[in-house]
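*Asks:* Mind having a look at this structure? Questions to follow.
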(Lines of atoms letter the chains of each structure in order from A; the text may use other names.)
(Lines give C-alpha, C1' and ligand atoms only; values in the text may rest on other atoms or scores of the structure.)
Protein backbone atom coordinates (compact mmCIF):
# COMPACT_ATOMS: atom_id res chain seq x y z
CA UNK A 46 0.00 0.00 0.00
CA UNK A 47 1.59 3.35 -1.01
CA UNK A 48 2.21 5.99 1.67
CA UNK A 49 -0.36 8.77 1.97
CA UNK A 50 0.42 11.93 -0.08
CA UNK A 51 1.41 13.90 3.01
CA UNK A 52 4.00 11.27 3.94
CA UNK A 53 5.40 11.28 0.40
CA UNK A 54 5.74 15.06 0.49
CA UNK A 55 7.58 14.92 3.82
CA UNK A 56 9.99 12.29 2.51
CA UNK A 57 10.67 14.33 -0.62
CA UNK A 58 11.28 17.45 1.44
CA UNK A 59 13.75 15.57 3.65
CA UNK A 60 15.65 14.28 0.60
CA UNK A 61 15.81 17.76 -0.90
CA UNK A 62 16.99 19.27 2.38
CA UNK A 63 19.78 16.72 2.60
CA UNK A 64 20.85 17.45 -0.98
CA UNK A 65 20.86 21.18 -0.36
CA UNK A 66 22.81 20.97 2.88
CA UNK A 67 25.26 18.13 2.25
CA UNK A 68 28.54 19.59 0.89
CA UNK A 69 30.09 16.14 0.61
CA UNK A 70 27.67 15.04 -2.07
CA UNK A 71 29.46 15.10 -5.43
CA UNK A 72 28.45 18.06 -7.56
CA UNK A 73 27.35 15.94 -10.51
CA UNK A 74 25.35 13.58 -8.28
CA UNK A 75 23.77 16.54 -6.52
CA UNK A 76 22.72 18.22 -9.76
CA UNK A 77 21.38 14.99 -11.24
CA UNK A 78 19.37 14.18 -8.11
CA UNK A 79 17.90 17.67 -7.86
CA UNK A 80 17.05 17.67 -11.57
CA UNK A 81 15.15 14.42 -11.16
CA UNK A 82 13.27 15.73 -8.12
CA UNK A 83 12.36 18.89 -10.00
CA UNK A 84 10.16 16.75 -12.23
CA UNK A 85 8.75 14.46 -9.52
CA UNK A 86 8.42 16.38 -6.24
CA UNK A 87 4.69 16.68 -5.42
CA UNK A 88 5.04 20.00 -3.55
CA UNK A 89 5.37 23.15 -5.65
CA UNK A 90 7.34 24.73 -2.79
CA UNK A 91 9.92 21.97 -3.04
CA UNK A 92 10.10 22.28 -6.84
CA UNK A 93 10.47 26.05 -6.45
CA UNK A 94 13.42 25.67 -4.07
CA UNK A 95 15.04 23.12 -6.37
CA UNK A 96 14.79 25.43 -9.39
CA UNK A 97 16.33 28.28 -7.41
CA UNK A 98 19.15 26.04 -6.18
CA UNK A 99 19.93 24.70 -9.66
CA UNK A 100 20.24 28.26 -10.89
CA UNK A 101 22.72 29.06 -8.13
CA UNK A 102 24.74 25.94 -8.88
CA UNK A 103 24.99 27.04 -12.52
CA UNK A 104 25.58 23.55 -13.90
CA UNK A 105 24.60 22.91 -17.52
CA UNK A 106 23.51 19.38 -16.66
CA UNK A 107 20.41 20.93 -15.11
CA UNK A 108 19.32 22.68 -18.32
CA UNK A 109 17.03 19.93 -19.73
CA UNK A 110 15.19 19.58 -16.40
CA UNK A 111 14.81 23.35 -16.07
CA UNK A 112 13.50 23.63 -19.63
CA UNK A 113 10.91 20.96 -18.78
CA UNK A 114 9.99 22.94 -15.65
CA UNK A 115 8.96 25.88 -17.84
CA UNK A 116 5.75 23.84 -18.28
CA UNK A 117 5.28 23.22 -14.57
CA UNK A 118 1.69 23.54 -13.33
CA UNK A 119 2.75 26.27 -10.91
CA UNK A 120 3.66 29.71 -12.26
CA UNK A 121 6.14 30.34 -9.43
CA UNK A 122 8.09 27.26 -10.50
CA UNK A 123 7.93 28.37 -14.14
CA UNK A 124 9.37 31.76 -13.21
CA UNK A 125 12.09 30.25 -11.02
CA UNK A 126 13.06 27.82 -13.79
CA UNK A 127 13.27 30.71 -16.27
CA UNK A 128 15.45 32.70 -13.88
CA UNK A 129 17.71 29.67 -13.32
CA UNK A 130 18.16 29.19 -17.07
CA UNK A 131 19.17 32.82 -17.36
CA UNK A 132 21.74 32.37 -14.58
CA UNK A 133 23.23 29.31 -16.27
CA UNK A 134 23.36 31.13 -19.60
CA UNK A 135 22.88 28.15 -21.92
CA UNK A 136 21.33 29.24 -25.21
CA UNK A 137 19.59 25.88 -25.64
CA UNK A 138 16.85 27.40 -23.50
CA UNK A 139 16.18 30.34 -25.83
CA UNK A 140 13.39 28.81 -27.94
CA UNK A 141 11.45 27.37 -25.00
CA UNK A 142 11.72 30.62 -23.05
CA UNK A 143 10.24 32.50 -26.01
CA UNK A 144 7.38 30.00 -26.25
CA UNK A 145 6.64 30.49 -22.55
CA UNK A 146 6.67 34.25 -23.02
CA UNK A 147 4.05 33.90 -25.77
CA UNK A 148 1.65 31.70 -23.81
CA UNK A 149 1.89 32.98 -20.23
CA UNK A 150 -0.38 35.66 -18.79
CA UNK A 151 1.55 35.88 -15.53
CA UNK A 152 3.32 39.21 -15.08
CA UNK A 153 5.81 37.50 -12.76
CA UNK A 154 6.66 34.82 -15.33
CA UNK A 155 6.89 37.40 -18.12
CA UNK A 156 9.38 39.40 -16.08
CA UNK A 157 11.55 36.38 -15.26
CA UNK A 158 11.54 35.18 -18.86
CA UNK A 159 12.43 38.64 -20.16
CA UNK A 160 15.37 38.89 -17.77
CA UNK A 161 16.49 35.35 -18.65
CA UNK A 162 16.44 36.07 -22.39
CA UNK A 163 18.51 39.19 -21.81
CA UNK A 164 21.06 37.15 -19.86
CA UNK A 165 21.18 34.52 -22.60
CA UNK A 166 22.21 37.21 -25.07
CA UNK A 167 25.15 37.95 -22.77
CA UNK A 168 26.18 34.30 -22.70
CA UNK A 169 27.24 32.25 -19.67
CA UNK A 170 28.86 34.03 -16.72
CA UNK A 171 32.57 33.57 -16.08
CA UNK A 172 33.96 32.21 -12.80
CA UNK A 173 35.11 35.00 -10.51
CA UNK A 174 38.75 33.83 -10.62
CA UNK A 175 38.96 33.57 -14.44
CA UNK A 176 41.71 35.79 -15.85
CA UNK A 177 41.55 34.19 -19.29
CA UNK A 178 38.76 32.85 -21.47
CA UNK A 179 39.42 30.27 -24.19
CA UNK A 180 36.81 29.50 -26.85
CA UNK A 181 37.18 26.22 -28.72
CA UNK A 182 36.08 26.75 -32.30
CA UNK A 183 36.43 24.61 -35.42
CA UNK A 184 38.28 21.29 -35.17
CA UNK A 185 38.79 19.31 -38.39
CA UNK A 186 40.04 15.81 -39.10
CA UNK A 187 42.47 15.74 -42.04
CA UNK A 188 43.55 12.16 -41.35
CA UNK A 189 42.22 9.23 -43.35
CA UNK A 190 40.42 7.58 -40.44
CA UNK A 191 38.12 8.46 -37.59
CA UNK A 192 36.01 11.10 -39.30
CA UNK A 193 34.04 13.61 -37.27
CA UNK A 194 33.95 11.32 -34.25
CA UNK A 195 37.65 11.87 -33.61
CA UNK A 196 37.58 15.58 -34.46
CA UNK A 197 34.79 15.95 -31.89
CA UNK A 198 36.91 14.00 -29.40
CA UNK A 199 39.82 16.40 -29.90
CA UNK A 200 37.51 19.41 -29.47
CA UNK A 201 36.11 17.95 -26.24
CA UNK A 202 39.61 17.18 -24.96
CA UNK A 203 40.85 20.71 -25.65
CA UNK A 204 37.79 22.17 -23.95
CA UNK A 205 38.20 19.93 -20.91
CA UNK A 206 41.95 20.56 -20.56
CA UNK A 207 41.61 24.33 -20.66
CA UNK A 208 38.60 24.27 -18.34
CA UNK A 209 40.69 22.32 -15.81
CA UNK A 210 43.35 25.04 -15.75
CA UNK A 211 43.16 27.40 -12.75
CA UNK A 212 42.40 30.95 -13.79
CA UNK A 213 41.06 29.88 -17.19
CA UNK A 214 37.43 29.58 -18.27
CA UNK A 215 36.63 27.70 -21.47
CA UNK A 216 33.60 27.26 -23.70
CA UNK A 217 32.44 26.17 -27.11
CA UNK A 218 32.25 28.79 -29.83
CA UNK A 219 28.44 28.59 -30.05
CA UNK A 220 28.01 29.17 -26.30
CA UNK A 221 30.28 32.11 -25.60
CA UNK A 222 29.95 35.09 -23.27
CA UNK A 223 29.30 38.30 -25.16
CA UNK A 224 32.19 40.64 -25.89
CA UNK A 225 30.61 43.10 -23.44
CA UNK A 226 30.52 40.52 -20.67
CA UNK A 227 34.15 39.59 -21.31
CA UNK A 228 35.17 43.26 -21.15
CA UNK A 229 33.22 43.78 -17.94
CA UNK A 230 34.88 40.76 -16.38
CA UNK A 231 38.32 41.86 -17.54
CA UNK A 232 39.26 38.44 -18.95
CA UNK A 233 41.79 38.21 -21.78
CA UNK A 234 40.05 36.11 -24.43
CA UNK A 235 41.33 33.73 -27.09
CA UNK A 236 39.88 31.52 -29.82
CA UNK A 237 41.36 28.11 -30.55
CA UNK A 238 40.89 26.19 -33.80
CA UNK A 239 42.50 22.84 -34.43
CA UNK A 240 42.95 19.90 -36.73
CA UNK A 241 44.04 16.28 -36.67
CA UNK A 242 46.85 16.17 -39.21
CA UNK A 243 47.77 12.48 -39.12
CA UNK A 244 46.86 9.19 -37.44
CA UNK A 245 49.03 6.16 -38.07
CA UNK A 246 50.11 2.78 -36.74
CA UNK A 247 52.98 0.49 -37.70
CA UNK A 248 54.47 -2.76 -36.52
CA UNK A 249 57.65 -2.67 -34.45
CA UNK A 250 58.71 -6.13 -33.37
CA UNK A 251 56.10 -7.53 -30.99
CA UNK A 252 54.35 -4.16 -30.67
CA UNK A 253 52.21 -1.81 -32.69
CA UNK A 254 53.21 1.85 -32.47
CA UNK A 255 50.36 4.32 -32.82
CA UNK A 256 50.83 8.05 -33.27
CA UNK A 257 48.81 11.19 -33.85
CA UNK A 258 49.74 14.69 -34.98
CA UNK A 259 47.60 17.73 -34.28
CA UNK A 260 47.78 21.42 -35.12
CA UNK A 261 46.21 24.16 -32.98
CA UNK A 262 45.98 27.88 -33.65
CA UNK A 263 45.52 30.59 -31.04
CA UNK A 264 43.90 33.93 -31.93
CA UNK A 265 42.54 36.82 -29.91
CA UNK A 266 38.76 36.90 -29.43
CA UNK A 267 36.67 38.54 -30.75
CA UNK A 268 39.27 40.41 -32.88
CA UNK A 269 40.56 37.12 -34.37
CA UNK A 270 44.15 38.35 -34.53
CA UNK A 271 46.43 35.32 -34.89
CA UNK A 272 48.92 34.87 -32.03
CA UNK A 273 50.43 31.39 -32.36
CA UNK A 274 50.41 27.96 -33.95
CA UNK A 275 51.16 24.72 -32.13
CA UNK A 276 52.05 21.41 -33.76
CA UNK A 277 52.55 18.30 -31.69
CA UNK A 278 51.24 14.86 -31.00
CA UNK A 279 51.42 11.72 -28.95
CA UNK A 280 52.47 8.09 -29.36
CA UNK A 281 51.72 4.80 -27.67
CA UNK A 282 52.75 1.17 -28.03
CA UNK A 283 50.41 -1.80 -27.62
CA UNK A 284 51.19 -5.53 -27.87
CA UNK A 285 50.70 -6.68 -31.45
CA UNK A 286 48.65 -9.66 -30.30
CA UNK A 287 46.12 -7.30 -28.66
CA UNK A 288 45.82 -4.86 -31.54
CA UNK A 289 42.56 -4.90 -33.48
CA UNK A 290 42.50 -2.63 -36.50
CA UNK A 291 38.71 -2.37 -36.23
CA UNK A 292 39.06 -0.74 -32.81
CA UNK A 293 42.05 1.46 -33.61
CA UNK A 294 39.95 4.63 -33.34
CA UNK A 295 39.48 3.97 -29.62
CA UNK A 296 43.26 4.06 -29.17
CA UNK A 297 43.56 7.14 -31.36
CA UNK A 298 41.00 8.85 -29.12
CA UNK A 299 43.26 8.22 -26.12
CA UNK A 300 46.22 9.62 -28.05
CA UNK A 301 44.25 12.75 -28.91
CA UNK A 302 43.55 13.30 -25.21
CA UNK A 303 47.28 13.30 -24.57
CA UNK A 304 47.98 15.54 -27.55
CA UNK A 305 45.35 18.01 -26.31
CA UNK A 306 47.08 18.12 -22.94
CA UNK A 307 50.38 18.90 -24.65
CA UNK A 308 48.79 21.70 -26.66
CA UNK A 309 47.22 23.14 -23.52
CA UNK A 310 50.49 23.02 -21.61
CA UNK A 311 52.41 24.80 -24.37
CA UNK A 312 49.84 27.54 -24.96
CA UNK A 313 49.24 28.15 -21.26
CA UNK A 314 52.94 28.43 -20.48
CA UNK A 315 53.69 30.59 -23.52
CA UNK A 316 50.69 32.91 -23.65
CA UNK A 317 48.31 32.56 -20.71
CA UNK A 318 50.94 32.75 -17.98
CA UNK A 319 49.07 30.65 -15.43
CA UNK A 320 50.12 27.57 -13.48
CA UNK A 321 48.15 24.35 -13.36
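Residue numbers (my numbering): 46 to 321. Here a beta-carbon is modelled for each residue, glycine too, at the ideal position from N, C-alpha and C.
When you compare each of 243, 246 and 213 to residue 230 by their alpha carbons, which one comes out closest?
*Replies:* Locating residue 230 in the chain shown gives position 185, counting from the first residue. Minimum Cα distance to residue 230 is reached at 213.
*Asks:* Which whole-angstrom value is the C-beta distance of residue 110 and residue 80, which I expect to be below 8 Å?
*Replies:* Counting from one through the chain shown, the residue named residue 110 turns up at place 65. Counting from one through the chain shown, the residue named residue 80 turns up at place 35. So it is a contact: roughly 4 Å between Cβ atoms.
*Asks:* Here's the rule: buried if 16 or more other CB atoms are within 10 angstroms of the residue's CB, otherwise exposed. What is residue 246?
*Replies:* Here the question's residue 246 lines up with position 201 in the chain shown. Buried.
*Asks:* Starting from the Cα of residue 251, find the closest Cα among 318, 288 and 268 and give me that residue.
*Replies:* On the chain shown, residue 251 is found 206 positions in, with the first residue counted as 1. When only C-alpha atoms are compared, the closest one is 288.
*Asks:* Could you give the distance in angstroms between the alpha-carbon of residue 142 and the alpha-carbon of residue 183?
*Replies:* Numbered from 1 along the chain shown, position 97 holds the residue referred to as residue 142. Numbered from 1 along the chain shown, position 138 holds the residue referred to as residue 183. So the two alpha carbons sit approximately 28 Å from each other.
*Asks:* Mind checking which residues open and close the beta strand (DSSP E) that includes residue 289?
*Replies:* Along the chain shown, read from residue 1 onward, the residue named residue 289 stands at position 244. Where residue 289 is concerned, there is no enclosing beta strand (DSSP E), given that its DSSP letter is neither H nor E.
*Asks:* Would you list, in sequence order, the uninterrupted alpha helix (DSSP H) runs of no fewer than 4 residues that lie entirely inside the stretch 181–218?
*Replies:* Listed in chain order, they are 192–208.
*Asks:* Should residue 308 go down as buried or exposed, given a rule of 16 or more other Cβ atoms within 10 Å for buried?
*Replies:* Translated into positions along the chain shown, residue 308 becomes position 263. Residue 308 should be labelled buried.
*Asks:* In its own chain, which residues sit with a C-beta less than 8 Å from the C-beta of residue 140, not counting the 5 before and 5 after it?
*Replies:* In the chain shown, residue 140 corresponds to position 95, counting from 1. Result list for residue 140: empty, nothing under 8 Å.
*Asks:* Inspect the beta-carbon positions of residue 281 and residue 296 and report whether they are closer than 8 Å.
*Replies:* The residue you call residue 281 lines up with position 236 of the chain shown. The residue you call residue 296 lines up with position 251 of the chain shown. Yes; because the gap between Cβ atoms is below 8 Å, this pair is in contact.
*Asks:* Could you name the residues of the same chain whose beta carbon sits closer than 8 Å to that of residue 263, not counting the 5 residues immediately before and after it, in chain order?
*Replies:* Locating residue 263 in the chain shown gives position 218, counting from the first residue. Cβ within range, chain order: 235, 236, 237, 271, 272, 273, 274, 275, 312 and 316.
*Asks:* Below 8 Å, how does it come out for the stretch 86–97 and the stretch 111–122: are there three or more Cβ pairs, yes or no?
*Replies:* A contact exists between the stretch 86–97 and the stretch 111–122.
*Asks:* Are three or more beta carbon pairs between the stretch 221–230 and the stretch 193–205 nearer than 8 Å?
*Replies:* No, the stretch 221–230 is not in contact with the stretch 193–205.
*Asks:* Among 255, 124, 181 and 198, which residue has its Cα nearest to the Cα of residue 269?
*Replies:* Translated into positions along the chain shown, residue 269 becomes position 224. When only C-alpha atoms are compared, the closest one is 181.
*Asks:* Exposed or buried, which one is residue 75 when buried takes at least 16 other CB atoms within 10 Å?
*Replies:* Sequence index remark: in the chain shown, residue 75 carries index 30 (1-based). Label assigned to residue 75: buried.
*Asks:* Could you please give the first and the last residue of the uninterrupted beta strand (DSSP E) stretch that includes residue 248?
*Replies:* One-based indexing of the chain shown puts residue 248 at position 203. Segment 233–249, the beta strand (DSSP E) holding residue 248.
*Asks:* With residue 100 and residue 132 assumed to form a contact (beta carbons below 8 Å), what rounded beta-carbon distance in angstroms separates them?
*Replies:* On the chain shown, position 55 is the one that residue 100 refers to. On the chain shown, position 87 is the one that residue 132 refers to. Their Cβ separation, rounded to whole angstroms, is 4 Å, which keeps residue 100 and residue 132 in contact under 8 Å.
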